[in-house]
Amino acid sequence: MSSEVYMSDYAELLIDANRDHVYLIMDGKEYPELNEDDLVPECGFVLDTYGDISTMEGINGLLVGIKYSSVKQFKAVDRVFSAIPTGNNK
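Quick note: the sequence shown, position 19, residue 19 per my numbering, numbers continuous.
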């Protein structure tokens with residue numbers, strides 16, 4: 001079972017229980033959410049608590065290299081997604 005949440009910038013959030021993961025869908029491509037133990041990369045997409053999406057450069061370079069589980073504690077950060085799509089297209 002999956003559900004989709006539509007956001008600004010023509011993007012949607014796909015919560016896929018079958019694959020036990022969350023994806024950001026933009027331009028027909030799926031970008032997976034980072035895993036808890038992943039280090040936040042220099043590039044990627046950030047979903048903030050207001051539902052806006054920006055690149056890592058648009059948020060804060062201080063997040064780079066920090067474990068994702070720690071970054072999720074930041075007030076303005078809801079989720080961080082990889083900049084590399086999965087190969088699955090929607």
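The beta-carbon is built from N, C-alpha and C at its ideal position, and this holds for glycine as well. Note that this is a predicted model, so its numbers are computed, not measured.
- Collapsing the DSSP output to three states places L34 in coil.
- Under the criterion of beta carbons closer than 8 Å, A76 and D48 qualify as touching, at roughly 5 Å.
- When DSSP states are grouped into helix, strand and coil, Y50 belongs to the coil group.
- Pairing R79 with V40 gives a Cβ-Cβ distance that is not under 9 Å.
- Distance between E57 and C43, taken at the CA atoms: about 7 Å.
- Counting every other CB atom within 10 Å of its CB across the protein chains shown gives A11 a total of 16 or more, marking it as buried.
- For V71, the uninterrupted alpha helix (DSSP H) segment begins and ends at 68-71.
- DSSP, reduced to helix, strand and coil, places E42 outside both helices and strands of the structure shown, so it counts as coil.
- The beta carbon of P85 is closer than 7 Å to those of K29, E30, Y31 in its chain, skipping five residues each way along the sequence.
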